[in-house]
Each structure stands twice: as C-alpha cells, then as structure tokens.
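K.L.:
Questions regarding the structure given below will be posed in turn.
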Amino acid sequence: MKLPESQKDFEKLMKNVDFTRVLQITVPILQPVIIGGLWLLISKFDKRADALSKLIAIAEPIPTIDLNLPKPVVLASMYHSVSEFSDVLNEVIERLRDLELPTTEEIVKKVTDPIAEVVEEVLPDSPEFKQALADCVMNAKKNLPYGSYYIVGIPWIISCMSQKGYRVTADWLKKELGL
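Here my numbering is used: the first residue of the sequence shown is 1, the next is one more, and so on.
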C-alpha cells in the first residue's frame, strides 16, 4: 500500500523531531500541575492523605504558620478541603477585623502624658519653657537608643534647650525630672 504524499511528509517531519527537547520544555511547565494533581488524587483515595490535606488547608492561611510545602500541594489541599479552608479563612479574617489596635493619637498620648505631668509639676509657669523642655525630652527619647537615653539623655536635653535659648543644668534636670 502506498502512502499519500502528505502522510509521507508528516512521517519525515516526525522522524526529525527530538522528543527529549520537547519534554525538557514541557515538564517544568507542567510540573506544578502534575504535583498538585497527584496530591489531589492521593487525597481523594487515602484517608491519611485526606486528613493531612485538611490539616494543610486549615493551617496554611494562618499568617503565623508556614509549613514550607510546595505551592501545588497547598493549592491541591485547599481545593480538596474547600469548606474547611473557607471556614478557617473566614475565622482568621474575623479575628483580624476584631483586633483592636490603638490609634496614633492614643500611642502619642500614652508616651507624652507622663512626661507632661512631670514637666507640669516641676517647671516654672512659662508655657514656652515647658513646651521646649517637653520637645527636647521627646526628641531625646525618640532619637537615642533605649539604653543610652539614661546615659546620654541629659547632655542631649541640655544641648537641645540651649539651642532653643534656655539655660538648664544637669543638676537641675537630675533633681527635677529624675534623670
């Protein structure tokens, strides 16, 4: 039997194709699909894999938990356990939504109120002086590392006050502000 001309051309073309190169290109592209599909298939038929898949789907959306699993496995687990995954994801979102975070004004007020109370008690009645000292103290607390505030804080505040035109001494700061 004689083959038609187009079929002979097709066979000739296919003989010249190097299928190893085709596989080298397609396998990396299809690898996540293959891994996810195999995990989903195993999860459907094996009870232990099903339980593990549900655990992965429940644990992975929690921000503090990272199971360090391949993305296709996590995605297949979430697909397999959609209802459990959606319940946990909704609960995480609700907890994050209900989390009460202090506003910037509340944080600033908590930090500045103790300083302002001490300044009010010991300083002269000049509001400009009180404001300048409070600014210098806050500047020192903001810019100096935590431990060094108690070591370098007094010279910092004295320098800041002198730049603002006020004269204070280290003894006065130690006595009046308890530094």
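Note that CB positions come from ideal geometry on N, CA and C, so glycine has one too.
1) Suppose you measure from the CA of D171 to the CA of V152; what does that come to, to the nearest Å?
2) Could you have a look at P72 and say whether DSSP puts it in helix, strand or coil?
3) Look at the Cβ atom of I56, then the Cβ atom of V33, and state whether they are nearer than 8 Å.
4) Is Y79 helix, strand or coil when you go by DSSP?
5) Restricting to Cα atoms, I'd like to know which of K47, A49, T26, T112 is closest to M138.
6) From F129 to C160, what does the alpha carbon distance come to, in whole angstroms?
7) Tell me the DSSP secondary structure of S261 in three-state form.
P.N.:
In brief:
1) It is roughly 14 Å from the alpha-carbon of D171 to the alpha-carbon of V152.
2) Taken through DSSP and simplified to helix, strand or coil, P72 comes out as helix.
3) Cβ distance not < 8 Å, so I56 and V33 don't count as in contact.
4) The answer is helix: DSSP assigns Y79 an H, G or I state.
5) The shortest Cα separation from M138 among K47, A49, T26, T112 belongs to T112.
6) So the two alpha carbons sit approximately 12 Å from each other.
7) Not covered by the structure: residue 261. The range shown for the chain is 1 to 179.
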